[in-house]
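Our numbering applies: residue 1071 is where the sequence shown begins, and numbers increase by one.
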Amino acid sequence: MLPWLTRYQQQLNTLLTTGQLAHGLLLAGPEGIGKHQLANWLAAALLCTAQTVPCGQCKSCLLRQAGSHADLLIIDSSGTSIGVDAIRQLSQFMAGRAQQQRNKVVLLPDVEKLTEAAANALLKTLEEPPQDSFLILQTKASNSLAPTLLSRCQHWSLAAEYGDDTQGWLAQQSNRAVPDFLLHYCAGAPLKALTMLESGEADQLELLLNHLAAFFNDTQSLSQTVKQLEQATAVTTLLGWFLRRRLLPQLADMAPARILAIHQLYSRWCRDEIQILGQNKQLALSAFLTELKRLQG
Ligand SMILES: [Zn+2]
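In structure tokens form, the structure reads like this:
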């Protein structure tokens, strides 16, 4: 198990072994925190027929590992939304008998993708879950879920990880050097940080942040900076992060009106990036950086 998830694993295991586990569970946390890993472990523990679960050797564990366990249903969330048909399938599955004489488990990732009708249908199932059925929901956006849905689940919020332990784990997983900003940049989601590290995206990001810093320190020209930023994939995220974590903390003594002007400038530029089709991005970025530097100065 991923080291930062072991505390949740222990708590869930205690509830499971004492028969206190809720039938509807919601695992919430940012993308790349490990919700799927924890959900899969819990499903394995609920389905395993051995004493210490999951054993990895019983018939139930072998069926699950082969991807053919009749008592495990994984709802496909790869599309843009999850419709009412998927929830109907879920309800039917939960109403049936367990094939392996133990529990039935449904994994429902990306709950925020449920359509309104699907969410309403799910509520009915969550109201009266059969005794041996467990529904494990996962979301990266629990704020967007209906309170009626939230109130019917036991909520497990997987906290962002910024600690030295996690930083150390990240360093162990990769041959590449871990930039110290990476975990923060990934909102404390270590698996996302690892993906960025392995793909080389983190290196590129570090380079761009250094270029930006150089521009604001007057050691690099505007045109050079714009040229480099143009090649970045998520330039609004990158600049937003640079503003919040690098630039604004240095300007703490500045008049509040000017800080506000910086925030407004950034919001306006983000809005134009999205809304103005055919905008000359190079010009817009140049104007934004010039004005930002003026306000900072
Ligand atoms: Zn087993």
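Each residue gets a CB set at the ideal place from its N, CA and C atoms; glycine is no exception.
Residue 1265 has its alpha-carbon roughly 12 Å from the corresponding atom of residue 1246.
In the structure shown, residue 1093 adopts coil according to DSSP, grouped into three states.
Boundaries of the beta strand (DSSP E) harbouring residue 1227: 1224 to 1227, taken from the DSSP string. The beta carbon of residue 1260 is closer than 8 Å to those of 1072, 1074, 1102, 1103, 1104, 1231, 1236, 1239, 1240 and 1253 in its chain, skipping five residues each way along the sequence. Around the beta carbon of residue 1182, 16 or more other beta carbons sit within 10 angstroms, so the residue counts as buried. Restricting attention to 1215, 1202 and 1211, the CA atom closest to the CA of residue 1193 is found in 1215. By the neighbour-count definition (other C-beta atoms within 10 Å, threshold 16), residue 1353 is an exposed residue.
Straight-line measurement puts the Cα of residue 1300 at about 13 Å from the Cα of residue 1274. Residue 1278 is a Cβ neighbour of residue 1298, given a cutoff of 8 Å. The three-state secondary structure of residue 1285, taken from DSSP, is helix.
About 7 Å separates the CB atoms of residue 1200 and residue 1165; that is less than 8 Å, so the two are in contact. About 11 Å separates the CB atoms of residue 1122 and residue 1128; that is not less than 8 Å, and the two are not in contact.
Every beta strand (DSSP E) stretch that sits fully inside the stretch 1164 to 1248 and reaches 3 residues is listed by chain position as 1174 to 1178, 1203 to 1209 and 1224 to 1227. Look at residue 1142 here: in three-state DSSP terms it is strand. Runs of alpha helix (DSSP H) with 4 or more residues, each lying fully within the stretch 1101 to 1145, are found at 1105 to 1117 and 1129 to 1135, listed in chain order. Around ligand 1, the residues whose beta-carbon falls short of 7 Å from at least one of its heavy atoms are 1118, 1119, 1120, 1123, 1124, 1125, 1126, 1127, 1128, 1130 and 1131, given in chain order.
When beta bridges are read from the DSSP output, residue 1327 appears opposite no residue.
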